[in-house]
Ligand code: NDP
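Numbering (this note's numbering), first residue to last: 588 to 833.
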């Protein structure tokens, strides 16, 4: 479709999982799509090829979300390739789970560096270049509101931080007609949280809809928030979690 014709999107962590689904969806709807990855160059290449085979435009950028200079560089490369940045999707994240006694401080620091600091840096840099109608969307988590297991406190903390950051940045950017929102998925079948994994049954037991979500379902919500129909949605945290937090 032509929904995002003339628009450019940058998605962090687009080589696999939810980020790859978002990249494909926005490209299918007409956006030129740049996305970052940390290490999976071949997976990133597959996403580019899939988008191009469907007639879209895509660029993969190696950029570690934990390194501010690399995040700033990814924004610059996006603009260099496609001429603008209209939509930023902060999707890359780090999940470390360990009981309190065993939780490593380096995992605390890495979680904050990628899930919070990286989101801030990308948003700050992208916003400099955005015009009226710009969109900043972060993939948070239902765990911002409900963390029913041992060992997930730091992950939940980083996703709760996004709730506040989203509210605050919406105030900074509202006067320029740029919206800032947070999409909070529940269990989604990806490498990070496979439906065949050891946590799956206990997660499903907590849900109103006892199944895993699909990355495409999250991409559909992101497409709505990124589009012109969502111009009045800002500062919001939107659940897409099968009732995990209900
Ligand atoms: P995956 O682990 O399946 O994919 C993560 C993607 O992010 C990959 O493309 C990976 O690239 C990239 N990435 C990881 N670390 C970095 C980094 N430091 N810099 C740049 N890119 C990086 O994750 P999901 O798709 O499951 O998760 C995506 C988002 O959704 C995250 O924010 C996560 O917290 C959130 N979420 C996921 C849920 C789930 O159940 N799956 C539930 C709720 C929220 P590479 O291959 O190169 O490492």
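Backbone N, C-alpha and C fix where the C-beta goes; we use that ideal spot for every residue, glycine too. It should be emphasised that the depicted structure is a prediction, and the values quoted were computed from it without experimental measurement.
The shortest C-alpha to C-alpha distance from residue 693 to any of 653, 710, 721 and 661 is the one to 653. A direct Cα-to-Cα measurement between residue 799 and residue 677 gives close to 22 Å. About 5 Å separates the Cβ atoms of residue 675 and residue 723, confirming a contact at the 8 Å cut-off. With a contact defined as Cβ atoms closer than 8 Å, residue 756 and residue 672 miss out at about 15 Å. Taking the CA atoms as reference points, residue 783 sits about 43 Å from residue 718.
Spanning the alpha carbons of residue 644 and residue 687 requires a straight line of approximately 45 Å.
As computed with DSSP, residue 646 is found in a beta bridge with 621. Taking non-hydrogen atoms of the ligand NDP into account, the C-beta of residue 660 is found less than 8 Å away from none of them.
Across the structure, residue 708 and residue 666 are spaced so that their CA atoms are roughly 16 Å apart. With a cut-off of 8 Å, the C-beta of residue 603 is classified as near the ligand NDP, since at least one heavy atom of the ligand falls inside that distance.
Assignment of alpha helix (DSSP H) within the segment 748 to 823, counting only whole runs of 4 or more residues, yields 787 to 791 and 802 to 813 in chain order.
One thing to note: residue 826 has its Cβ within 9 Å of the Cβ of residue 773. Rounded to the nearest angstrom, the gap between the Cα atoms of residue 658 and residue 638 is 23 Å. By the Cβ neighbour-count rule, residue 779 is exposed, with fewer than 16 other Cβ atoms within 10 Å of its own. Per DSSP, residue 605 is one residue of the alpha helix (DSSP H) stretching across 604 to 615. Burial is judged here by how many other beta carbons sit within 10 angstroms of a residue's own beta carbon; residue 830 has fewer than 16 and is exposed. Residue 744 carries a helical assignment under DSSP once its states are collapsed to helix, strand and coil. Here the alpha carbon of residue 817 sits roughly 15 Å from the alpha carbon of residue 763. Within the same chain, 782, 799, 800, 801 and 802 come within 8 Å of residue 776 by CB-CB distance, once the 5 residues on both sides are set aside. When the Cα atoms are used, residue 704 and residue 820 turn out to be separated by approximately 24 Å. The criterion of a C-beta distance shorter than 9 Å is satisfied by residue 621 and residue 664.
Each residue's CA atom was taken as its position, placing residue 812 and residue 746 some 19 Å apart. Residues 774 of the same chain have their beta carbon placed closer than 6 Å to that of residue 790, with the five preceding and five following residues left out of the count.
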